[in-house]
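As structure tokens, the structure follows; a few thoughts come after it.
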């Protein structure tokens, strides 16, 4: 059964959980980073589910794929920021590992979703069948 709402996508659900975790972990960052690194990490994290949702709401499969790739780019940006935050001693090893593990899992899910949507798009073009916009 095709996905009707972006909230049904496991990638979106995992991304929401990651945003929540990033907000919780960055609460203890130095106050002088609130408009700097803290804000940057939070924006990158929030961009992931936002791009998934926006892409799913677009009219074409190609646009959906593009937004999923944007989400993956934001995920990689966040992973980099987590490593920097650990190097600056803003995150403990355990906090870093928790965020990196969640990001890695989400990355695998996003890659699978991108591949699946690309495959379905290719199949629809090859068979000359219209692809439902609800994917």
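Residue numbers (this note's numbering): 1 to 135. For glycine and all other residues, C-beta sits at the position ideal for the given N, C-alpha and C. All values derive from a computational prediction rather than experimental measurement.
Best match in the options for proximity to residue i [C-alpha to C-alpha]
| i | options | result |
| --- | --- | --- |
| residue 54 | 42, 68, 41, 44 | 68 |
| residue 17 | 106, 119, 110, 72 | 106 |
| residue 73 | 49, 93, 87, 33 | 49 |
| residue 28 | 89, 112, 97, 102 | 89 |
| residue 96 | 122, 24, 31 | 24 |
| residue 45 | 113, 122, 100 | 100 |
| residue 71 | 122, 113, 8 | 113 |
Spatial neighbours of residue i in its chain, beta-carbon cut-off 8 Å, leaving aside the 5 residues before and after
| i | result |
| --- | --- |
| residue 117 | 61, 64, 65, 68, 135 |
| residue 41 | 22, 26, 78, 81, 82, 85 |
| residue 115 | none |
| residue 109 | 10, 11, 14 |
| residue 102 | 14, 17, 18, 21 |
| residue 57 | 6 |
Boundaries (first-last residue) of the alpha helix (DSSP H) holding residue i
| i | result |
| --- | --- |
| residue 72 | 61-87 |
| residue 55 | 37-56 |
| residue 4 | Per DSSP, residue 4 belongs to no alpha helix (DSSP H) and is neither H nor E. |
| residue 18 | 10-26 |
Residue i at chain D interface by Cβ criterion, 8 Å
| i | result |
| --- | --- |
| residue 55 | The structure shown contains no chain D, having only a single protein chain. |
Close-in-space but distant-in-sequence residues of the same chain around residue i (CB under 6 Å, 5 per side omitted)
| i | result |
| --- | --- |
| residue 47 | 74 |
| residue 38 | 26, 29 |
Cβ shell of residue i (< 7 Å), same chain only, five flanking positions each side left out
| i | result |
| --- | --- |
| residue 12 | 6, 49, 52, 53 |
| residue 1 | Per-residue confidence for residue 1 stands at a pLDDT of 46, beneath the threshold of 50, marking its modelled position as unreliable; the derived number appears in the next sentence. The answer is none, since no qualifying residue turns up. |
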